[in-house]
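Trainee: Just so we're aligned, residue 412 is where the sequence shown starts under the working numbering, counting upward by one.
Ideal placement from N, C-alpha and C gives every residue a C-beta, glycine not left out.
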Amino acid sequence: MSTGTKISMADVITRFAPSPTGLLHLGHAYAASVAFEFAKERNGTCLLRIEDIDHTRCRPEYTRAIYEDLDWLGFNWPIPARKQSDHRAEYASVIETLNKKGLIYRCFKTRKELPDGIYRGAADPGEMARMSSNERFAWRLSIDQVEIYLGESHLPFSDEILARKDIGTSYHIACCHDDAVQGITHVVRGKDIEPLTKFQNLLQRLMGWPIPEYFHHDLRLNDDGDKLSKRNHDTSIRSLREEGYTAQQVLDMAIP
Ligand code: GLU
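#1: Based on Cα-Cα distance, which residue from Y441, D555, I622, R493 lies nearest to R600?
#2: Going by beta-carbon coordinates alone, are R631 and G455 separated by less than 8 Å?
#3: Based on the DSSP output, what are the partners of G601 in its beta bridges?
#4: Apply the 10 Å Cβ neighbour rule to T596 and answer buried if 16 or more other Cβ atoms are within range, or exposed otherwise.
#5: Quick one: measure Cβ to Cβ for D497 and I578, integer angstroms, because I've assumed they're closer than 8 Å.
#6: Do you know offhand how far I584's Cα is from S650's?
#7: Measuring only the C-alpha atoms, how far is C457 from T425?
#8: Can you find a heavy atom of the ligand GLU that lies under 7 Å from the Cβ of R575?
#9: I want to know whether the segment 506-523 touches the segment 604-612 - three or more CB-CB distances under 8 Å.
#10: For the segment 580-594 against the segment 614-622, do three or more pairs of beta-carbon atoms, one drawn from each stretch, fall closer than 8 Å, so that the two count as touching?
#11: Have a look at R531 and I572 and give me their C-alpha separation to the nearest angstrom.
#12: Which residue comes first and which comes last in the beta strand (DSSP E) that contains T456?
#13: So, helix, strand or coil for L509, using DSSP?
#14: Starting from R541 and walking both ways along the alpha helix (DSSP H), at which residues does that stretch end?
#15: Using only alpha-carbon positions, find the residue among S581, V661, I622, D637 that is nearest to S430.
#16: Considering only their Cβ atoms, is the gap separating L434 from I666 smaller than 8 Å?
#17: Would you call the CB atoms of I559 and F568 closer than 8 Å?
#18: Could you tell me whether the Cβ atoms of A662 and S504 are closer together than 8 Å?
#19: State buried or exposed for S413, treating a residue as buried only when at least 16 other CB atoms are found within 10 Å of its CB.
#20: In the structure shown, what three-state DSSP assignment does A503 receive?
#21: For the ligand GLU, is there a heavy atom less than 7 Å away from the beta-carbon of E462?
#22: Run through DSSP, which three-state label would R468 get?
#23: Assign A500 to one of two classes, buried (16 or more other C-beta atoms within 10 Å of its C-beta) or exposed (fewer than that).
#24: Please check the pair F519 and E479, which I expect to be a contact at CB under 8 Å, by giving their CB distance rounded to whole angstroms.
#25: Using only the alpha-carbon positions, how far apart do D463 and P491 sit?
#26: Hey, is C586 close to the ligand GLU, as in C-beta under 7 Å from one of its heavy atoms?
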């Protein structure tokens with residue numbers, strides 16, 4: 412008799428997490444289909460999450476287009492979808508927790524002031540004066556402090572920004588927090604994000620969040636071998652639909 416813990420197939424929860432910075436294209440149709448199929452094959456659920464914390468790039472009309480285009484393609488997700496812009500207070504409280512643990516520091520530097528390669532900074536000595544003059548700052552994770560906290564040295568990470576100056580949070584914080592609160596068991600996403608996964612796993616350890624399993628799928632390329640992008644309007648799902656293609660034809664184009 413096996414003594415191992417058996418995970419029920421029904422426990423699988425994946426998510427598709429587009430950012431509404433443009434219209435969805437064939438690459439998104441492919442990514443959505445991998446995440447939704449992964450859940451379906453395991454009798455699980457695929458959630459939809461709108462990653463719209465960056466108000467400088469995201470637009471509500473693209474969020475609406477995501478709902479419409481995915482619905483037209485035939486994907487189903489539990490409603491309402493989680494919209495990150497509704498949860499800023501939660502991301503702020505994660506930053507507060509990391510601050511209380513002494514793991515982050517204020518950084519006033521601009522990108523141009525940073526050296527290339529791995530960056531290990533420190534709190535700015537003129538911090539108080541800069542704060543009282545209302546200068547904006549980012550919060551960075553201090554890998555030196557993390558090494559002390561975890562009792563591990565030589566971690567191969569830079570002091571990444573966890574809260575941007577302009578939006579008060581970051582992709583890493585919002586994504587990992589949401590994966591935790593949404594109970595994501597399997598993160599199914601593109602290979603372009605694979606290099607960020609180890610850093611996200613570190614954050615999950617620091618916050619005591621569960622670490623999901625990860626599957627990084629290939630990216631769909633255009634005929635020139637470049638990644639499909641939102642700038643390439645030819646391949647937007649919307650334009651293909653307007654040209655008269657059916658949802659099935661668009662999925663056939665998207666899925667190799
Ligand atoms: N919002 C990210 C994107 O559109 C996806 C992030 C993720 O799946 O973790 O590329």
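Mentor: In brief:
#1: Y441
#2: no
#3: H628
#4: buried
#5: Incorrect: roughly 14 Å between the Cβ atoms, too far for contact.
#6: 34 Å
#7: 5 Å
#8: no
#9: no
#10: yes
#11: 11 Å
#12: 456-461
#13: helix
#14: 538-543
#15: S581
#16: no
#17: no
#18: It is worth fixing the name first, because residue 662 is Leu in this sequence and not Ala. Contact flag unset, no.
#19: Annotation note: pLDDT 43 at S413 (below 50); position unreliable, no value reported.
#20: helix
#21: yes
#22: coil
#23: exposed
#24: Wrong, their Cβ atoms sit about 42 Å apart, outside the cutoff.
#25: 15 Å
#26: yes
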